[in-house]
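First the structure, in the form of structure tokens, and then the observations on it.
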Amino acid sequence: MSSLYPVFRRIALGVAFTSFSAFGQQYIVSTVAGSGGSPGWSGDGGPALSAQFTNPIRIAVDKAGSLYITDFSNYSVRKVTKNGIVNTIAGNGSLGFSGDGTSVGAQLSNVLDVAVAADGSVYIADSLNSRIRKIDASGNISTFAGNGSRGYAGDGGLANDASLYFPAGLALDSKGDLYIADYGNATVRKITMSTGRISTVAGVGYSIFGAAPGDGGVATKAFLELPHSVAVDAVGNVFIGDIGTSSIRKVGTDGKISTYLTNFVAQNFAIDGAGVIYFADYRTNTVQKVLPGGNTRLWIGGNGTSGWSGDGGPATAAQFNLPYGVAVDAAGNVFVADAANAVIRQLSPVGFSIGAIANSATLQGFAPPVSGSGDSTYPVAPGELIVIFGAGLGPAAMVTAPSGAALPTTLGGTTVMINGKAAPILYSSATMVSAVVPFSVDGLFSANVAVQYQGKTSNVTTVPVYASAPGMFTADGSGAGQATALNSDGTRNSVSNPALVGSIVTFYITGAGQTNAVGVDGAIYPTGNSQPAPVQPLSVTIGGLPAVVDFVSGAPGMVSGTTRIVTEIPTGFAPGSAIPVQVTVGGTSSQVATIAVSN
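Using the working numbering, the first residue of the sequence shown is number 697, and each one after it goes up by one.
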């Protein structure tokens, strides 16, 4: 046990997670533009809340806080100033191509995206015209990229001589260079502002559906399918929303491509200065964000049913109707193009609040509800170690509980109340608190969670309670990849130290539920083999095959609510460096982690 203890304690106490900032806070929703109801095209020169839009689908926000909205079915771009006045800055309401000169009244065709530069220049993806249009600071519009012919040509030359094919997404990097999701060419193109020349940064110029994507290789030799959006982070990594593969691909500063996020079904996304990705899922009418690294997805808006309601309250209780575009400003406000409601909504972060609750082994927070199902969260189980994401929850510097002693119920001035009972705390900080769900919730259907700090109490979050909600601890604390596991000789399992087929391996989980000797909240299990075991039946699969479970008990030296599982690696699958492992307790399965296995 000694070889694993320091690693496990680091993971259990959340030191691996301290790079996260205030990513989990609650949001309050409001409508900032559009009168809703029947679609239309009206209101210029007046209050944005009295204006009519028709299918607003993308948004950009400038440094002054003004919003730029692609009013798709009105073939126009609208601007809403910080003080709430709306005006059309391009487009005359009819499909076409004309008007280079003064932007007001110019014709556009299928405006799919808009981006705003630091100098106030506005770039428009005039998709059906296969052009990028630019409005300068004087209000003049011109063709900035694309010669109007649909095709893939012009790399190395001036951007306005190049051929594009249905450009769908735009993004600007910190240098002011413009990136284009060239949808019809299955590429991402880049215009270097200092030279005006265009190049390809990802894709080969055509799609091959189902082909090997080229991860790990040079991005210009990799296949994209239907790149519909693009964003660039603060250090220059390029992120591509590929709706053909339901993924976000990442092109690093070294020019190599990887898959950053799977199960991504959204028309576009935004990325903030900290690397947090925001997007709206139009299928489930929800708004979500993904923490840096791509492993933790949090639900921040929409209750999963279509409608227009909830303004002034928590965003997760509100209704949206086909939300498409998102933008985020420097203050963390998230703007959503609520297309079928013909309005723009704002999600404003709450300074002291709980935003998500996760199993500490998986770090998966609020579960976005399936469309039509209403409010939903991940369940918790008796004795489960949880992480509460939020803002203002505790001291700025993380405080951890002393090792070897029963956990306190107040730490760093923070108290976690679960169904009115103070829960044991493993660590406390402003943005993350880890606690242990009291065993007394056993048999309940739900539990209320709130955090108290410096005389204040956060919002109350109600979570479902299951008899078991297992999560498997992983080596890097992300909830994905290599499991925290011991080989039969007591050393850590890893790619460089695989277990042998047929040998014994030990895993660690939390969320197994009540134990056969009723669990004691916050107690530390003694060493040896006399710890209580979960009352729910438990099984393990390795490599997709059932594994013999030799022994299950509380994890020696760890807080009650952690469980060790000793299993035998079955035969019948091909060994490898990432063999899938999954634990099922009482009919509820953990996430899939991996171990390394050799002959």
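Ideal placement from N, C-alpha and C gives every residue a C-beta, glycine not left out.
All values derive from a computational prediction rather than experimental measurement.
Mind checking residue i: buried by the 16 CB within 10 Å criterion, or exposed?
| i | result |
| --- | --- |
| Asp1185 | exposed |
| Val782 | buried |
| Val1338 | What is shown of the chain runs 697 to 1295, which leaves residue 1338 out entirely. |
| Gln1150 | exposed |
| Pro1010 | buried |
| Val1030 | buried |
| Thr949 | exposed |
| Thr1106 | exposed |
| Ser1286 | buried |
| Val1039 | buried |
| Leu791 | exposed |
| Gly1282 | buried |
| Thr891 | exposed |
| Pro909 | buried |
| Leu987 | buried |
| Val1279 | buried |
| Phe905 | exposed |
| Thr1170 | buried |
May I have the straight-line CA-CA distance separating residue i from residue j, to the nearest angstrom?
| i | j | result |
| --- | --- | --- |
| Ser738 | Ala744 | 10 Å |
| Ile936 | Ser1099 | 44 Å |
| Val1231 | Leu1182 | 24 Å |
| Val1245 | Ser1235 | 7 Å |
| Ser1136 | Ser1044 | 35 Å |
| Thr727 | Tyr978 | 18 Å |
| Pro752 | Ala1035 | 5 Å |
| Val1288 | Ala1013 | 30 Å |
| Ser1294 | Pro1276 | 14 Å |
| Ile820 | Gly842 | 12 Å |
| Gly1028 | Gly720 | 12 Å |
| Gly732 | Val776 | 16 Å |
| Leu1241 | Thr1284 | 17 Å |
| Val1262 | Leu1103 | 26 Å |
| Gln1042 | Ser817 | 24 Å |
| Asp929 | Thr955 | 16 Å |
| Leu860 | Tyr879 | 9 Å |
| Gly913 | Val884 | 16 Å |
| Ile1291 | Ala1274 | 5 Å |
| Ala814 | Thr839 | 19 Å |
| Asp1138 | Phe919 | 50 Å |
| Trp1004 | Asn1017 | 7 Å |
| Thr1096 | Ser1226 | 27 Å |
| Ile1205 | Ser1130 | 15 Å |
Identify, in the order they occur along the chain, each residue of the same chain with its Cβ nearer than 8 Å to the Cβ of residue i, setting aside the five sequence neighbours on each side.
| i | result |
| --- | --- |
| Ala802 | Ala786, Gly787, Asn788, Ser794, Gly795, Asp796, Arg829 and Ile837 |
| Asn991 | Leu1059, Ser1174, Gly1175 and Ala1176 |
| Gly853 | Arg893 and Ile894 |
| Gly844 | Phe793, Asn825, Ser826 and Arg827 |
| Pro735 | Gln748, Phe749, Thr750, Asn751, Ser769 and Ala1038 |
| Val800 | Thr784, Ile785, Ala786 and Gly835 |
Using DSSP bridges, identify the partner residues of residue i.
| i | result |
| --- | --- |
| Ser1067 | Paired residue(s): none; Ser1067 is not in a bridge. |
| Thr784 | Arg774 |
| Tyr956 | BP columns for Tyr956 are empty, so no partner. |
| Asn964 | DSSP lists no partner for Asn964. |
| Asn836 | Thr798 |
| Phe1016 | Ser1002 |
| Trp995 | Gln984 |
| Val725 | Leu1043 |
| Gln803 | Ser794 |
| Asn1193 | Ser1190 |
| Arg979 | The partner list for Arg979 (beta bridge, DSSP) is empty, contrary to what the question assumes. |
| Phe935 | Ala927 and Lys946 |
Apart from the five residues on each side of it in sequence, which residues of its chain come closer than 7 Å, Cβ to Cβ, to residue i?
| i | result |
| --- | --- |
| Pro1091 | Gly1108, Gly1109, Ser1124, Ser1125 and Ala1126 |
| Ser717 | Residue placement at Ser717 is flagged as unreliable, the pLDDT there being 45, under the threshold of 50; a coordinate-derived value is accordingly withheld. |
| Lys778 | Ala760, Gly761 and Ser762 |
| Asn1212 | Pro1228, Ala1229 and Val1231 |
| Ala756 | Tyr764, Val810, Ala811, Val812 and Ala1023 |
| Ala927 | Ala867, Phe935, Phe965, Ala966 and Ile967 |
| Asp873 | Lys886, Ile887, Thr888 and Met889 |
| Ala849 | Ala858 and Ser859 |
Which residues in the same chain as residue i place their Cβ atom closer than 6 Å to its Cβ, once the five residues preceding and following it in sequence are excluded?
| i | result |
| --- | --- |
| Lys985 | Val972, Tyr974, Leu994 and Ile996 |
| Gly808 | Per the sequence presented here, residue 808 reads as Leu, with Gly not at that position. So the list reads Ala821, Ser823 and Ala864, once near-sequence residues are dropped. |
Does any CB atom of chain D fall closer than 8 Å to the CB of residue i?
| i | result |
| --- | --- |
| Ile1238 | Among the protein chains of the structure shown there is no chain D, as only one such chain exists. |
Quiz item: Could you give the uninterrupted runs of the beta strand (DSSP E) lying entirely in the region 1239 to 1283, keeping only those of 3 residues or more?
Solution: As far as the region 1239 to 1283 is concerned, its whole beta strand (DSSP E) runs of at least 3 residues are 1241 to 1250, 1258 to 1264 and 1272 to 1281.
Quiz prompt | beta strand (DSSP E) runs contained entirely in the region 1111 to 1186, provided each spans 3 or more residues | solution = Whole beta strand (DSSP E) segments, 3+ residues: 1121 to 1124, 1128 to 1132, 1142 to 1149 and 1157 to 1160.
Self-check item: Complete runs of the beta strand (DSSP E) confined to the region 859 to 884 [at least 3 residues]
Solution: Runs of the beta strand (DSSP E) inside the region 859 to 884: 863 to 868 and 874 to 878.
Quiz item: If you scan the region 1022 to 1060 from start to end, which runs of the beta strand (DSSP E) of 3 or more residues do you find wholly inside it?
Solution: Entirely contained in the region 1022 to 1060, the beta strand (DSSP E) runs reaching 3 residues are, in chain order, 1030 to 1034, 1039 to 1045 and 1049 to 1055.
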